[in-house]
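Down below is the structure, laid out as structure tokens.
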Amino acid sequence: MVACVLVVLAATGACGGGNGERALSPAADTRPPGSSAPPVAPGTPAASASTLASPGAAPTGSTGPAPRPCATVTATAKPTRGTLTKDDLRSASTDSVPLTGDEVFGLPELPYKYPGGTLTRTCVKILDTCAPIATDEAAELIRKLGCTRAVAALYVDKANNVQTTVGVLEMPTATAAATLAESKAGWYNQVVQPTDPITRTFEDGAAYSWVSESLYRYFIYEITGRVDGTDRTPAEVDKHVAAQNAVYHLVGDSLDRRSAAAGS
1 MVACVLVVLA
11 ATGACGGGNG
21 ERALSPAADT
31 RPPGSSAPPV
41 APGTPAASAS
51 TLASPGAAPT
61 GSTGPAPRPC
71 ATVTATAKPT
81 RGTLTKDDLR
91 SASTDSVPLT
101 GDEVFGLPEL
111 PYKYPGGTLT
121 RTCVKILDTC
131 APIATDEAAE
141 LIRKLGCTRA
151 VAALYVDKAN
161 NVQTTVGVLE
171 MPTATAAATL
181 AESKAGWYNQ
191 VVQPTDPITR
201 TFEDGAAYSW
211 VSESLYRYFI
221 YEITGRVDGT
231 DRTPAEVDKH
241 VAAQNAVYHL
251 VGDSLDRRSA
261 AAGS
């Protein structure tokens, strides 16, 4: 099977099959993939077991240019705190500096609340256009709402068979980010990984966790499942939630630190 893990990163054929079914795992609620809880305050956990949709594999997309390579990230710590206000972070007119991989994903390893759990960053990608981010109605909505840039990363815990992909989309306003997070247009591409395979796409019908939120003018989404791409057991859901929340806190804290007032 072709390795296929990092979402929202290139205009390439989507891996995996997908019959369009949006099956839910027993641990998930009935929200469609891509729907969101209300926008959260800084530092709020991204998800709990009761708020995770678990769709089947994403639908196949059209072919396109080869995927972009992983970006180089040299940072090894949280970004320095900025000088903006929290209100500044709600609009591109006052929060105009583009996100970078170093800023958002500067921690190469991320412990999470599971025995022996350590998530290791394996790839970061940057997109200066949001056109290849999604397909169908999600792509059209992203275009209409004015997305200008995306950064995404894959974190993996091979020992515990966990992979989680996180993407951050720069939107022009907080209203646009919240509109996207609250929409039901939730299909995003899984694109071919350009490095040596370490994970696999999710098999047809295999449940995995999805969550999307808005924070300031940013839209954040995560997809978490087993590294081997197979269906998880109900007992694994809490582990996936813990990994997903750990990565969300990393991203949320990085965005908070653009402000002199928000976060820790």
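Under this note's numbering, the first residue of the sequence shown is numbered 1, with each subsequent residue one higher. We put the CB at the ideal spot given by N, CA and C, even for glycine.
Which residues mark the beginning and the end of the beta strand (DSSP E) in which residue 109 is found?
-> By one-based count along the sequence shown, residue 109 stands at place 109. That run of the beta strand (DSSP E) goes 109–111.
Is it the case that the Cβ atoms of residue 265 and residue 249 are separated by a distance below 8 Å?
-> Lying outside 1 to 264, the shown extent of the chain, residue 265 is not represented and no answer is given.
For residue 145, collect the residues of the same chain with a Cβ closer than 7 Å to its Cβ; drop the 5 residues on either side in sequence, then sort them by chain order.
-> Taking the sequence shown and counting its residues from 1, one reaches residue 145 at position 145. The answer, listed in chain order, is 171, 176, 179, 180.
So which of 82, 132, 74, 90 has the shortest CA-CA distance to residue 215?
-> Stepping through the sequence shown from its first residue, residue 215 is reached at position 215. Per the Cα distances, 90.
What is the rounded straight-line gap between the Cα of residue 251 and the Cα of residue 105?
-> Numbered from 1 along the sequence shown, position 251 holds the residue referred to as residue 251. Numbered from 1 along the sequence shown, position 105 holds the residue referred to as residue 105. If I take the Cα positions, the gap works out to 7 Å.
Alpha carbon to alpha carbon, how far is residue 95 from residue 48? Give it in angstroms, no decimals.
-> The residue given as residue 48 occupies position 48 in the sequence shown. The residue given as residue 95 occupies position 95 in the sequence shown. Because residue 48 carries a pLDDT of 40, less than 50, the predicted location of this residue cannot be relied on, and the following value inherits that uncertainty. When rounded, the distance between both Cα atoms is 30 Å.
Cut-off 7 Å between Cβ atoms - residues of its own chain near residue 71, not counting five sequence neighbours on either side | Within the sequence shown, numbered from 1, the residue matching residue 71 stands at position 71. 101, 124, 125, 126.
With DSSP collapsed to three states, give me the class of residue 119.
-> To locate residue 119, count along the sequence shown from 1; it is residue 119. Of the three classes helix, strand and coil, the one that applies to residue 119 here is strand, per DSSP.
Member of 173, 116, 184 whose CA lies at the smallest distance from the CA of residue 136 | Position 136 of the sequence shown, counting from 1, holds the residue named residue 136. Nearest option by C-alpha distance: 184.
Between the Cα of residue 211 and those of 253, 228, 243, spot the shortest distance and give me the residue it belongs to.
-> Counting from one through the sequence shown, the residue named residue 211 turns up at place 211. Looking at the Cα atoms, 243 is the closest of the given residues.
Proximity winner among 97, 76, 115, relative to residue 162 (alpha-carbon distances) = Position 162 of the sequence shown, counted from the first residue, corresponds to residue 162. Measuring from the Cα of residue 162, the nearest candidate turns out to be 115.
Distance, Cα to Cα, residue 256 vs residue 87?
-> One-based indexing of the sequence shown puts residue 256 at position 256. One-based indexing of the sequence shown puts residue 87 at position 87. Approximately 11 Å, taken between the alpha carbons.
Buried or exposed: where does residue 128 fall if 16 or more other Cβ atoms within 10 Å of its Cβ makes it buried?
-> As a first step, residue 128 must be located in the sequence shown, where it is residue number 128. That one is exposed.
So, is residue 132 buried or exposed, given that buried needs 16 or more other C-beta atoms within 10 angstroms?
-> Taking the first residue of the sequence shown as position 1, residue 132 is located at position 132. Buried, because 16 or more other Cβ atoms sit within 10 Å of the Cβ of residue 132.
Roughly how many angstroms separate the alpha carbons of residue 219 and residue 261, rounded to a whole number?
-> Position 219 of the sequence shown, counted from the first residue, corresponds to residue 219. Position 261 of the sequence shown, counted from the first residue, corresponds to residue 261. Residue 219 and residue 261: Cα-Cα distance of roughly 20 Å.
Taking the alpha carbon of residue 142 as the point to measure from, which residue in 205, 98, 173, 130 has its own alpha carbon closest?
-> Sequence index remark: in the sequence shown, residue 142 carries index 142 (1-based). Out of 205, 98, 173, 130, 130 has the C-alpha closest to the C-alpha of residue 142.
Per DSSP, cross-strand counterpart(s) of residue 220 = As a working note, residue 220 is residue 220 in the sequence shown. Per DSSP, 168, 213.
Inter-residue spacing [alpha-carbon to alpha-carbon] between residue 158 and residue 228 | Mapped onto the sequence shown, residue 158 falls at position 158. Mapped onto the sequence shown, residue 228 falls at position 228. Looking at the two C-alpha atoms, the distance is approximately 9 Å.
Using beta-carbon positions only, say whether residue 119 and residue 147 come within less than 8 Å of one another.
-> Within the sequence shown, numbered from 1, the residue matching residue 119 stands at position 119. Within the sequence shown, numbered from 1, the residue matching residue 147 stands at position 147. No, the Cβ-Cβ distance between residue 119 and residue 147 is not below 8 Å.
State the DSSP-derived secondary structure class of residue 239, mapped to helix, strand or coil.
-> In the sequence shown, residue 239 corresponds to position 239, counting from 1. DSSP places residue 239 in helix when its eight states are reduced to three.
Which one or two residues does DSSP pair with residue 150 in a beta bridge?
-> The residue you call residue 150 lines up with position 150 of the sequence shown. Answer is 127, 169.
For residue 208, which three-state DSSP category applies?
-> Numbered from its first residue, the sequence shown carries residue 208 at position 208. Coil.
Presumed contact (8 Å Cβ cut-off) between residue 156 and residue 122, rounded CB distance = Residue mapping note: residue 156 aligns to position 156 of the sequence shown, counting from 1. Residue mapping note: residue 122 aligns to position 122 of the sequence shown, counting from 1. With 8 Å as the limit, residue 156 and residue 122 qualify as a contact, their Cβ atoms being about 5 Å apart.
Option in 217, 221, 234, 259 with minimal Cα separation from residue 165 = For the purposes of this step, residue 165 is taken as the residue at position 165 of the sequence shown. That would be 221, whose Cα lies nearest to the Cα of residue 165.
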